[in-house]
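What follows is one structure encoded as structure tokens, with my remarks underneath.
Residue numbers (the working numbering): 5 to 113.
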């Protein structure tokens with residue numbers, strides 16, 4: 005083999021190697037872009053799912069609070085009615101007592 009031919013083969017091998025390196029770098033760049041896109045999609049999906057979870061939780065808590073509020077109001081109303089009934093009974097007793105005391109005072113006078 006002649007020197008020229010050997011040098012030509014070396015030059016061709018170097019060019020082939022440069023081409024392979026360039027192709028590998030292009031593939032690397034493409035894979036990095038694809039990975040970034042997948043990561044963006046995953047992040048967006050996770051954000052969407054967390055927003056949905058927050059909304060569902062917020063609605064559930066709001067419903068529980070409203071239910072508890074209604075129960076508290078019902079219990080308060082019931083207690084108020086009981087107090088009203090008791091005070092009405094006591095008022096009648098007090099009025100009867102005052103009338104009897106007045107009558108006794110008038111009769112004794």
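Where a beta carbon is used, it is the ideal one built from N, C-alpha and C, also for glycine.
Nearest-angstrom Cα distance between residue i and residue j?
{"i": "residue 67", "j": "residue 91", "result": "36 Å"}
{"i": "residue 95", "j": "residue 87", "result": "12 Å"}
{"i": "residue 29", "j": "residue 59", "result": "45 Å"}
{"i": "residue 98", "j": "residue 112", "result": "21 Å"}
{"i": "residue 2", "j": "residue 47", "result": "Because the chain here runs from 5 to 113, residue 2 falls outside it and cannot be looked at."}
{"i": "residue 54", "j": "residue 16", "result": "56 Å"}
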